[in-house]
Structures are given as structure tokens and as C-alpha cells.
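First comes the structure, then the notes that go with it.
Number of protein chains: 2
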Amino acid sequence: MRTLADIAQAAKAAKYEVARLGTNDKNRGLMAIAHALTNRSAEILAANAVDLQEGRKNGLGEGLLDRLLLTEARIQGIAEGCRQVAALSDPVGEVLWQRTRPNGLKIGLTRVPMGVIGIIYEARPNVTVDAAALCFKAGSACILRGGKEAFHSSLCLTNIMRDALAAEGLPVNAINLVEDTSRETANEMMRLNGYLDVLIPRGGAGLIQAVVRNATVPVIETGTGNCHVYVDASADLDMAARILVNAKCQRISVCNAAESLLVHQDVAEAFLPLAAQALAPDGVKLHGCPRTRAILGDAVLPATEEDYGKEYLAYEISVKVVDSLEQAIAHINTFGTGHSECIVTRDYTASQQFLDQVDAAAVYVNASTRFTDGFEFGFGAEIGISTQKLHARGPMGLEALTSQKYIIYGNGQVR
Amino acid sequence: MRTLADIAQAAKAAKYEVARLGTNDKNRGLMAIAHALTNRSAEILAANAVDLQEGRKNGLGEGLLDRLLLTEARIQGIAEGCRQVAALSDPVGEVLWQRTRPNGLKIGLTRVPMGVIGIIYEARPNVTVDAAALCFKAGSACILRGGKEAFHSSLCLTNIMRDALAAEGLPVNAINLVEDTSRETANEMMRLNGYLDVLIPRGGAGLIQAVVRNATVPVIETGTGNCHVYVDASADLDMAARILVNAKCQRISVCNAAESLLVHQDVAEAFLPLAAQALAPDGVKLHGCPRTRAILGDAVLPATEEDYGKEYLAYEISVKVVDSLEQAIAHINTFGTGHSECIVTRDYTASQQFLDQVDAAAVYVNASTRFTDGFEFGFGAEIGISTQKLHARGPMGLEALTSQKYIIYGNGQVR
Numbered sequence: 008m009r010t011l012a013d014i015a016q017a018a019k020a021a022k023y024e025v026a027r028l029g030t031n032d033k034n035r036g037l038m039a040i041a042h043a044l045t046n047r048s049a050e051i052l053a054a055n056a057v058d059l060q061e062g063r064k065n066g067l068g069e070g071l072l073d074r075l076l077l078t079e080a081r082i083q084g085i086a087e088g089c090r091q092v093a094a095l096s097d098p099v100g101e102v103l104w105q106r107t108r109p110n111g112l113k114i115g116l117t118r119v120p121m122g123v124i125g126i127i128y129e130a131r132p133n134v135t136v137d138a139a140a141l142c143f144k145a146g147s148a149c150i151l152r153g154g155k156e157a158f159h160s161s162l163c164l165t166n167i168m169r170d171a172l173a174a175e176g177l178p179v180n181a182i183n184l185v186e187d188t189s190r191e192t193a194n195e196m197m198r199l200n201g202y203l204d205v206l207i208p209r210g211g212a213g214l215i216q217a218v219v220r221n222a223t224v225p226v227i228e229t230g231t232g233n234c235h236v237y238v239d240a241s242a243d244l245d246m247a248a249r250i251l252v253n254a255k256c257q258r259i260s261v262c263n264a265a266e267s268l269l270v271h272q273d274v275a276e277a278f279l280p281l282a283a284q285a286l287a288p289d290g291v292k293l294h295g296c297p298r299t300r301a302i303l304g305d306a307v308l309p310a311t312e313e314d315y316g317k318e319y320l321a322y323e324i325s326v327k328v329v330d331s332l333e334q335a336i337a338h339i340n341t342f343g344t345g346h347s348e349c350i351v352t353r354d355y356t357a358s359q360q361f362l363d364q365v366d367a368a369a370v371y372v373n374a375s376t377r378f379t380d381g382f383e384f385g386f387g388a389e390i391g392i393s394t395q396k397l398h399a400r401g402p403m404g405l406e407a408l409t410s411q412k413y414i415i416y417g418n419g420q421v422r
Numbered sequence: 008m009r010t011l012a013d014i015a016q017a018a019k020a021a022k023y024e025v026a027r028l029g030t031n032d033k034n035r036g037l038m039a040i041a042h043a044l045t046n047r048s049a050e051i052l053a054a055n056a057v058d059l060q061e062g063r064k065n066g067l068g069e070g071l072l073d074r075l076l077l078t079e080a081r082i083q084g085i086a087e088g089c090r091q092v093a094a095l096s097d098p099v100g101e102v103l104w105q106r107t108r109p110n111g112l113k114i115g116l117t118r119v120p121m122g123v124i125g126i127i128y129e130a131r132p133n134v135t136v137d138a139a140a141l142c143f144k145a146g147s148a149c150i151l152r153g154g155k156e157a158f159h160s161s162l163c164l165t166n167i168m169r170d171a172l173a174a175e176g177l178p179v180n181a182i183n184l185v186e187d188t189s190r191e192t193a194n195e196m197m198r199l200n201g202y203l204d205v206l207i208p209r210g211g212a213g214l215i216q217a218v219v220r221n222a223t224v225p226v227i228e229t230g231t232g233n234c235h236v237y238v239d240a241s242a243d244l245d246m247a248a249r250i251l252v253n254a255k256c257q258r259i260s261v262c263n264a265a266e267s268l269l270v271h272q273d274v275a276e277a278f279l280p281l282a283a284q285a286l287a288p289d290g291v292k293l294h295g296c297p298r299t300r301a302i303l304g305d306a307v308l309p310a311t312e313e314d315y316g317k318e319y320l321a322y323e324i325s326v327k328v329v330d331s332l333e334q335a336i337a338h339i340n341t342f343g344t345g346h347s348e349c350i351v352t353r354d355y356t357a358s359q360q361f362l363d364q365v366d367a368a369a370v371y372v373n374a375s376t377r378f379t380d381g382f383e384f385g386f387g388a389e390i391g392i393s394t395q396k397l398h399a400r401g402p403m404g405l406e407a408l409t410s411q412k413y414i415i416y417g418n419g420q421v422r
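Here the protein sequences line up with chains B and C, keeping their order.
Using this note's numbering, the first residue of the first sequence is number 8, and each one after it goes up by one.
Using this note's numbering, the first residue of the second sequence is number 8, and each one after it goes up by one.
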């Protein structure tokens, strides 16, 4: 078994080789990985069967088992993901600007690989390949630490990827899986200063907060989304209902799903019954403020402060009637997680004020929060959605996995 | 005395107000601060006298006392700095791009204020104003924690800035100084998650590493510079000597000063005596590898591994003869701190290889490393020089103090 120290050394050495690969070489590696995954699917399914068996023995819930499950079709999907990453344009080497200074120095800012990227994630084998493919295309080596419930699957996938790189004469240590899945080793990984240039946690709030609290390497915080739909006094109420249902119900387990509905008092009596009716077919449970309950009745549960801060990830939503746009914005900036926020309005000034003053990665006028996604934004793929303000905010595609470097051309300048 | 908790609350509340200020309002505030600093210089000098007296009593060295010292002229300089920041263009609100997606959604990426910026720095009263001015212009509230030796000066400067904002009807809590200068409170500040959007340490390596190790909020690591000048086989040796002397001697105490000289073996015999002669007037002490000592003699001290990793910040330099460009690059990537690196060469391929493969914030061909600086790069002012790869790398001007936000204009889109 490779220790974390071995892996850290190997990845640090490999990062210079990966950084030097041209786009064609990187794409060749990704296509070879896709091909190998398809070719060796029997091995992957066998490894996955071990994880599933252990998972059942350990009493994992059906949801977790489903995330863990690989099928022939899912493996094809993962391989197709690699081909899609190969098709993305390469961010490395892009010159963002170059200027000539009065002293003749030509100073340019260039996009360069990050170096070594760490990813800590849960028991989703597909993330092993998705993350490795994105890091590789972005010119970085990666150190992956997946949930231990998916260990056999992830190790098998990693070995197949490494074999594919080796067969192509590409740096094998571009892709590394932490084989010791103890919590101590995960904590050690969070403190690999000098080896890891960035660490990205992908998963639930508990995992992400553990990384934020324990890491001494730079971290990009991803994920939690307490997203709001605010129905303004001037909203088209039918549009508001359509957006609400989509944002809440189209896929409840994701971070860009709506968890809270705010309604301007002027339209509360008209809109709330419409909203309740629209959410009824999906059996959405409402947690309402007193004014909401006065309109919709006691079938609506009373909303607590805790409800307003909750990411349900379920067919539940908190509902609050607000006095004004300003109160809606203040509520969102208090209870939101800085992910995705939506106003439904026909009023120009209200739309601008909401866009300006709501503090979140993505702010929508008259569209569902469900669009906060690398594919929907046109980035092709994403490594996660950043909810912090440093480096990257919102869906992170290949560019978010790169750093920058100033290159300066002189002819003998001194100060 | 305001507690850190009071300050954190106040700054968080103020950030929304500061973010909403237009450029004219922010500039008005900065000009008022400049005016007030000049007007109230007697108070500042009196507060500074207290710090100086305590510093002398506590046996601070002359260098530290000089950094602490304010004079009428230095106060004018600080005020002038505020006027210069007012003159910089405002990064907030810049739309970096906007695209229309196939479904008609218009997605744009906009530069927005960071929110609350924390700065931890040493006993330099001027940083109190410089940092506050930059954060204010960037639309953020700031929490400043300066070295306790400069406490009376920093508090006086902060109060003057806050008074000036109040008199202009601008949010006073945009600028906050941590008044409890204990180490416990500094540590508490590093863990103000939910309040601080970023924390930037400015100062020596010890301070920066303490912040990197202890902080749970996002940090931008700044500062340490083990910068190299590499003299290639094809270098113009006179130019190389000029660049070397400038990079080493023009100002020894700064992070972009050269700390190590690498010389290609083909020109070692010709260049090393030239280099020794050029550095002699400043009395630069050389720490050389065996080959260097074979050429220059035993007057050169033997270089240890520690020397190669050392930021002397003094009239000292390590010297190593390398076999090849590749060895020079590998040495720099091993011992460098990712700050500023220079090759002196006449060879096109060597210049490109050095630019591509050296992993640092700023890579120079034929120019002194001393140019890595916000003013020299044309950013007007800087909050520090980032040596990490996340968010900002190299000199950080106003743009590095901002975040981004996606704004999405829809007309009812759902997924």
C-alpha cells in the first residue's frame, strides 16, 4: 500500500510533468482512460460488487447504496464524461492580458496549472474518475480521497486510469488515490502544506465543515445551498409558481434546489394558495410563518428560525411572508448560504436591487435556481460549486482548477 | 473597548452598506480621510510618541523603531497614499463577461466586493491606513489587527479614519481595529468563519505561518521570497551583473530581493569573478557551492542546504554552479518560495523553457526580480504579494480584494 507520504511525494514530482503536457497529450490520455474503463468494465463491476456487499452488511441505506452502485450503463456514462472533458478547450497557457510598462517591461498574466489538487469526497465512485479527468485536463496532478464505502470501486477505477496513462507513456502519478481510508490519514491530507496547492471537499455539510475546520492547506468550500425563491409584489404569479415547483421539486437532493419561499405581503393572499396547490402533487411539506399559516391554515407546520436556515434536501420548504423587497434581501443575506437566489418580478428597479444586494454566487431574475451548474452555465463540467468568495464562486469548471503566473519580458531593466 | 465579537458583528453589518456605495462616495471618503490625517497630525505624532517610548523601554531594535516612527513627512505620505487609492479605477461592478445560453438565459460574471477583509500585520502604523484605504475602495469592510508595539498609533489613525467617514455620512464600521492585542484574540480572529471572508497576513515568515496554520477562514498567504537570478550559458554577462546587483542590493529587506545566484557551468569561470566584484562594494557575503569556491577561493563561505532555502534579507547570497538550465529550474522549484525568479539569457529556447517551467508568481527574462510590486506592475497600490496559487498570485491590487458573482437574467426558464 502506498502511504500518504509516498503519494504526496509522487504527486509533487509528477505535477511538473503533467504541467508540461500539451493539450493533445492530455486529450490522448483522457481518451485512453475512457477506452480502458469500457474495456475493463467487468473488473470494475466485480470491485463494485465487493463494496455493495460490504455496504449491505454494514446496513447502508438505499440512497447510499444507489450512489455506490455501478452498472454497465453507468460505467459507459463515466467513460463518456472523460471524452467530454477531452473535448473541452484547454485553459492552460491562455494569456489573460499583456501590457508594456513605461520602462519597456512587457508584463503578461498567464493561466497555469494549479499543481497538486486534493479532492476529498464521499462514497461515489464516479467522482473518482470525474475529478481525476478534470484535474488532468487542467494540467494538475491529483490526490483523491474517496469515502471508504466505495474503496474497492475507486481503487479499481484509479488503477485502470493509471494503467491507461502508463500505456500512453504519460505520467502515472498524475492520478493518485489515498489507499489508507482512516480518518487520521484524511486529517493528515488536510495538512499537506508544501504538497497540496488546494483541497476541495465534495459532499455533505459535515464533510465540508470538517475540511474547513481542520485544513491548513488552501481550501475551496463547496456545496451547501439554502436557496430562496422570492416572489415580489409585481411578480407574474403563474411564472412564480412554475419556477417555485421547478426549483423545489425537479431534483430535491441537490444544492441548487430551493429550500425557502419568500412572498411579498401584497401578493401573499393571491400567491400562497397557488403555491400550495402547485407543490401539492409532489407532497411538499410547508413550514410557514404566522402570516403564511393565517392564509393557508393549520395544515402548514409552524416555521422556526431553524427551518429558515435548513437545507432540507427533501420535499419540504420554509415559507415566509415579507413586508418588502428590502426585508426579503435581508432575510436571504441572513439565512442563505451564498449559493443561488431568485427573484420573480416584473419590476425593473426591484430586479436591479435584488441583483446588486443579494450576496450569493448566483443571483437570478425570473429563472429557476436549478441552473447553477457547470453544464447549464456552459463550462462543460464542474468539480463542484464554490460557496466561498475566494478564488472561485459558483460552478467551478476547468478555469477554476488553474492558477496564474506573471511572465515578464525584459531587456536588462533594473530599478 | 470594543470586543472582537462586537467588531465582527459591526463589520458584517457594515459590509452591505459599504458594498452599496458608489465610486464617488468611496472616493469622497478617502479624500476626507487624507484631509483628516493631515489636519490631525499632532494627535498622531503624540500617540506615536507613546509607542516609541514604550518600544525603547522594551528594547526594540533600531530597525523596528524606525518602522514604528511617524513623522510629519511620513503622515503626509500616508495621506497621499489615500489620494492615490481614490484615483484608482473602481473594480466593483465590472462585468467580466456575459453570454446568452441556448435557452435564452443571459449569464454574466460580475466583480463584487469581498465582504469583510481581515488583515493581520506587524508594528507598522502606515499599514493601518494603507490596508483600510484599499479595502474601502474595493467596497469591503475591514478588520485590522496590527502589531501591539504600534497600538497607540494604529488606534489614533483608525479613530481619525472613522471620524472622517462619520463626518461624510459614510459607514463608520467600514474600518475597524482590534483593540485587544492579545495572541488569544488574534487566534480567535483567525477562526471568525461566517464573519471574515478572507484573512491576509502581512509581515514576516513567522506571522504568516502562524496564520496559515491556525486559520479556519480563507487565507491568502503572502510574502516570503527566496528569489533566484539564474545566469544562463548564453547570458550577456554585463547585463547579468547589473541585474544581480540590483536584485540583491537595491533594497535588501524586501521579499522580491534576490537571495540566490545560479550560474551555468559554461560561464561560471567568466561570470563568478565579475559577480563577486560587482557585489563587493555592498559587502555582500557569498555562500558558495564547491565549484563556486574552486573558482572564487576560500573567502567564499561553504553553502549548506539551509543556505539554498534561506531568505537572508541581508547583504548575503547563496551561489551555485549548475550543469544545465534543467538543473537550474529544478533547483528553483525545490528551494524557491514561488515568488520571483529571473533568467538572464540570449537564448530564445532557454527563455521560453524557463518561463514555462519555473513555478512562481512572477518569472522574468532579463530583468530584476525587484519589479514584483503593485506600483511597478501598474496596479497603483498593493495589499501584499501572494505566494499561494489560489485566488491571487503575485502583487495584489484592488482586483485581488474583490470576489465575483453570477447574475442571471431570465424570463421564466425552468429545467
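The C-beta atom is built at its ideal place from N, Cα and C for all residues, glycine as well.
Return helix, strand or coil for residue i, following the three-state DSSP convention.
| i | result |
| --- | --- |
| B:S189 | coil |
| B:E266 | strand |
| B:A138 | helix |
| B:M403 | strand |
| C:R300 | helix |
| B:Q105 | strand |
| B:N233 | coil |
| B:S393 | strand |
| C:H271 | strand |
| C:G419 | strand |
| C:Y23 | helix |
| B:Y128 | strand |
Cα separation between residue i and residue j?
| i | j | result |
| --- | --- | --- |
| C:I390 | C:A247 | 30 Å |
| C:L203 | C:A17 | 12 Å |
| B:Q60 | B:T409 | 39 Å |
| C:D366 | C:G381 | 20 Å |
| B:Q83 | C:V270 | 53 Å |
| C:I3 | C:T376 | An answer regarding residue 3 of chain C cannot be provided, because it is not within the stretch 8 to 422 covered by chain C. |
| B:E276 | B:Q284 | 13 Å |
| B:T223 | B:P402 | 24 Å |
| C:T10 | C:D187 | 7 Å |
| C:V261 | C:R400 | 17 Å |
| B:L37 | B:F143 | 8 Å |
| C:A174 | C:I167 | 11 Å |
| B:A157 | B:N133 | 10 Å |
| C:E406 | B:T78 | 47 Å |
Taking C-beta pairs closer than 7 Å, name the residues in chain C that residue i reaches, listed in chain order.
| i | result |
| --- | --- |
| B:A53 | Going along chain C, no residue has its Cβ under 7 Å from B:A53, so there is no contact; the nearest lies around 36 Å. |
| B:V421 | R249, I250, N253 and S375 |
Would you verify that the beta carbon of residue i is, or is not, closer than 9 Å to some beta carbon of chain E?
| i | result |
| --- | --- |
| B:T192 | In the displayed structure, chain E is absent; the protein chains listed are B and C. |
Could you name the residues that DSSP lists as bridge partners for residue i?
| i | result |
| --- | --- |
| B:L184 | B:L151 |
| B:G115 | B:Q105 and B:I414 |
| C:K327 | C:L269 |
| B:C349 | B:V236 and B:Y371 |
| C:H294 | C:L308 and C:S325 |
Which residues in chain C have a C-beta closer than 9 Å to the C-beta of residue i? List them in chain order.
| i | result |
| --- | --- |
| B:V270 | Near B:V270 there are no residues of chain C at all, since even the closest Cβ is about 18 Å away, more than 9 Å. |
| B:Q364 | Y23, A26 and R27 |
| B:D204 | Q395, K396 and L397 |
What in chain B is Cβ-close to residue i, meaning under 9 Å?
| i | result |
| --- | --- |
| C:V25 | What C:V25 touches in chain B: nothing, since even the nearest Cβ is about 12 Å away. |
| C:N31 | Per Cβ cutoff of 9 Å: no residues; C:N31 is ~16 Å from chain B at best. |
| C:R108 | F378, E383, F384 and G385 |
Could you list which residues in chain B have their beta carbon closer than 7 Å to that of residue i, in chain order?
| i | result |
| --- | --- |
| C:N418 | N373 |
Using a Cβ-Cβ cutoff of less than 6 Å, which residues in the same chain neighbour residue i once the five nearest sequence positions on both sides are dropped?
| i | result |
| --- | --- |
| B:D97 | T30 |
Could you pull out every residue in the same chain whose Cβ sits closer than 7 Å to the Cβ of residue i, ignoring the five residues on either side in sequence?
| i | result |
| --- | --- |
| B:N110 | Q420 |
| C:I14 | I150, N183 and V185 |
Identify the contact partners of residue i in chain B, using a Cβ-Cβ distance below 8 Å as the criterion.
| i | result |
| --- | --- |
| C:H294 | Within 8 Å Cβ-Cβ: nothing; C:H294 doesn't reach chain B, min ~23 Å. |
Excluding sequence positions up to five away, which residues of its chain have a Cβ less than 8 Å from the Cβ of residue i?
| i | result |
| --- | --- |
| B:E318 | A212, T231, G232, N233, C262, E266 and T344 |
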